[in-house]
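Residue numbering for the sequence shown follows the numbering used here, beginning at -14 and increasing consecutively. In what follows, a structure is listed as structure tokens, so that the remarks can point back to it.
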Amino acid sequence: MTSYYNGFPQSDRDEAINMINLDELEERAKEVMPEGAYYYIASGSENEWTWRNNTAAFNHFQIVPRALTNMDSPQLDTEFMGMKLKTPVMISPIACHGIAHKDAEVATQKGAAEAGALFTSSTYANKSVEDIAAAAPNAPRFFQLYLSKDWDFNKMVFDAVKKAGYSGILLTVDALVSGFREANLRTKFAYPVPLDFFTRYQGAKGEGQTVAQMYASSAQKIGPEDIKRIKEMSGLPVFVKGVVCAEDAFLAMGAGADGIYVTNHGGREIDCGPATIDMLPEIAKAVDHRVPIIFDSGVRRGSHVFKALALGADLVGIGRPYLYGLALGGAKGVQSVIEQLNQELLIDMQLTGCKTIADIKHARLTHFNYTADNLKSNTDPSRITPYPVTNDNQLKEEDSATDAVSGASQE
């Protein structure tokens, strides 16, 4: 169940995934992905403190159960920017889904649509915005923008996105340069599958370039005036993605942002920065319901979704888990990941007397101080474990049926 693009193995699975929780998918994904591609998804920057703490910090907030609420059958449907969704769980944008599955973003969009979730596509997607839209014509979708230094490129992107029926733009402002991602350096990772917008604009495939090289083509200087220019050129609502403090929320809203996206890029940029869930309360207070809030980074449980909603988010995004689901099950795997979170979230709603997503915003949480770890990166030589070698996760030499020895760690 593997196909190859120039020797790079791509899963072609299309099946629901049986799981107990999302964490177990991370290890299972190694069986179908090459080492470099896997660690591009799985790792963070530097010592990965923020990457780990994004999830651990959800424990700083505790859900207070409620009894005698005389309530049953909670409902997950919600409305966001005029879009009717079946779940508050959202597909956060990640580049190059082709490293997980041959159908890339097309399969991710199909899985999100089946689950009734908002899908977001990256500027660095393998599939075109037109093909993604055609995969689920009536499904809701947003587009994540890495602003280019070249405004002709930006204009081409805006025109294509709007014509394809995308409903809004997520302007990434927290990744002006690539974080120091040690795992990418150790595995010498480069994008192995062409990126559509680079192909159509420059004839360049965006293939074989490193993460740092790709970021170098993006704008390293973004200010409030860029928000206004993007809104005018695109004619679409613009959310500012990468806000982790109240000051930046005020700046974004002052520049006309239509929404705030609280994220630290999943711990892939600045290490030793705060977990997003710890910063969400101050941002929600600054926003004060004037614009919607999207939240992500570290979400692995339905209880994490519940806490983020209770602390002020309107939608809660997931990243790495759905790519593991994509690798292990294609579109149906993505759907399985969302449904796993939905199942857990419904239990939390039932046990707190929250009938609707709106009710969660009034749920009671408590908060206790904490201590954090200072572990080395998971890809540090002192901690790394041998990468499994399977028939499905090996690179192949061009025009050869033999495995490339550089495809994964060898025993």
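Backbone N, C-alpha and C define an ideal beta-carbon position, used for all residues, glycine too. Quick caveat, the model's predicted, so the values are computed rather than measured.
Should I215 and L132 be called a contact, given that it needs their Cβ atoms to be closer than 9 Å?
Yes, the Cβ-Cβ distance between I215 and L132 is below 9 Å.
Chain-order list of residues whose beta-carbon lies under 6 Å from that of G96 (same chain, five-residue window excluded)
Cβ-Cβ distances below 6 Å link G96 to A316, V319 and Q320 in the same chain, with the five nearest sequence neighbours on each side left out; the list follows chain order.
Exposed unless 16 or more other CB atoms sit within 10 angstroms - verdict on P73
The C-beta of P73 has 16 or more other C-beta atoms within 10 Å across all chains shown, which makes the residue buried.
Residue burial classification, L70 (beta-carbon count within 10 angstroms, cutoff 16)
Burial call: buried.
Using the Cβ count rule (16 or more neighbours within 10 Å means buried), how would you classify S367?
Here S367 is exposed. Its C-beta has fewer than 16 other C-beta atoms within 10 Å.
Determine the closest residue to D(-3) out of S107, T375, I5 and T(-13), with distance taken between C-alpha atoms.
Closest by alpha carbon: T(-13).
Whole angstroms is fine: what's the gap from A118's alpha carbon to A149's?
Between A118 and A149, the C-alpha separation is close to 6 Å.
Indicate whether the contact test is met: 3 or more Cβ pairs, each with one atom in the region 167 to 179 and one in the region 138 to 153, closer than 8 Å.
With a cut-off of 8 Å, the region 138 to 153 and the region 167 to 179 do not count as touching, because too few Cβ pairs lie within range.
Which of the three DSSP states is assigned to Y24 in this structure?
If DSSP states are grouped into helix, strand and coil, Y24 belongs with the helices.
Along the beta strand (DSSP E) that carries S288, what are the first and last residues, could you check?
Going by DSSP, S288 is part of no beta strand (DSSP E) but of the alpha helix (DSSP H) stretching over G287 to A295.
Going by DSSP, what residues sit across from Q205 in a beta bridge?
Note: Q205 sits in no beta bridge, so no partner.
Alpha-carbon spacing of G208 relative to V374, whole angstroms:
Here the alpha carbon of G208 sits roughly 46 Å from the alpha carbon of V374.
What does P(-6) pair with, by DSSP beta-bridge criteria?
For P(-6), which the question treats as bridged, DSSP gives the partners Y(-11).
Closest to E267 by C-alpha separation, out of A293, R286 and G252, would be which residue?
Taking only the C-alpha atoms, the option nearest E267 is A293.
Given the structure, does I2 come close to the ligand MN, in the sense that its CB is under 8 Å from one of the ligand's heavy atoms?
Ligands in the displayed structure: none, and consequently the ligand MN is not present.
Contact check, A298 vs I278, beta carbons under 9 Å
Yes; because the gap between Cβ atoms is below 9 Å, this pair is in contact.
How long is the line joining the alpha carbons of R51 and H347, rounded to whole angstroms?
Taking the straight line from one Cα to the other gives about 12 Å.
Alpha-carbon spacing of I255 relative to G164, whole angstroms
Rounded to whole angstroms, I255 to G164 spans 6 Å at the Cα level.
Through-space distance from Q187 to R286, alpha-carbon basis:
If you draw a straight line from the Cα of R286 to the Cα of Q187, it is about 41 Å long.
Tell me, to the nearest whole angstrom, how far the beta carbon of T172 is from that of E20; I am working on the premise that it is less than 8 Å.
Confirmed, Cβ separation roughly 6 Å.
Looking at C-alpha atoms only, which residue of V158, M18 and G29 is the closest neighbour of A260?
Checked all of V158, M18 and G29; the closest Cα to A260 is G29.
Taking its Cβ as the centre, do 16 or more other Cβ atoms sit within 10 Å of I26, making it buried, or is it exposed?
Flag for I26 reads buried.
Check each candidate in T108, S219, A89 and M199 and name the one with the smallest Cα separation from Y309.
It is A89 whose Cα lies nearest to the Cα of Y309.
Short Cβ contact (9 Å threshold) for L331 with L7
Result no, Cβ atoms of L331 and L7 do not sit closer than 9 Å.
Cβ atoms of P306 and L103: under 9 Å apart, would you say?
Taking 9 Å as the Cβ cut-off, L103 and P306 do not qualify as a contacting pair.
Where does E64 sit, in a helix, a strand or coil, going by DSSP?
In this structure, E64 counts as strand in the three-state DSSP scheme.
Pairwise C-alpha distance: G283 and T40
Answer to the nearest angstrom: the Cα atoms are 4 Å apart.
Residues that DSSP places opposite V247 in a beta bridge
Under DSSP, V247 shares a beta bridge with V228 and F280.
Can you tell me the Cβ-Cβ gap for K381 and G(-8), rounded? I've got them flagged as a contact below 8 Å.
Right, their Cβ atoms sit about 4 Å apart.
Using three-state DSSP, classify M334 as helix, strand or coil.
In the three-state scheme derived from DSSP, where H, G and I count as helix and E and B as strand, M334 is classed as helix.
Length of the line joining the Cα atoms of G193 and P179
Pairing G193 with P179, the inter-Cα distance amounts to about 9 Å.
Endpoints, the alpha helix (DSSP H) within which T72 is located:
Where T72 is concerned, there is no enclosing alpha helix (DSSP H), given that its DSSP letter is neither H nor E.
Which value, in whole angstroms, describes the spacing of the CA atoms of Q407 and D144?
As shown, the chain starts at -14 and ends at 396. That puts residue 407 outside it, with no answer to give.
Residue of Y246, A269, M75 and A80 minimising C-alpha distance to V158
Of the candidates Y246, A269, M75 and A80, the one whose C-alpha sits nearest the C-alpha of V158 is Y246.
Within 10 angstroms of the Cβ of F128, are there 16 or more other Cβ atoms? Answer buried if so, exposed if not.
Burial call: buried.
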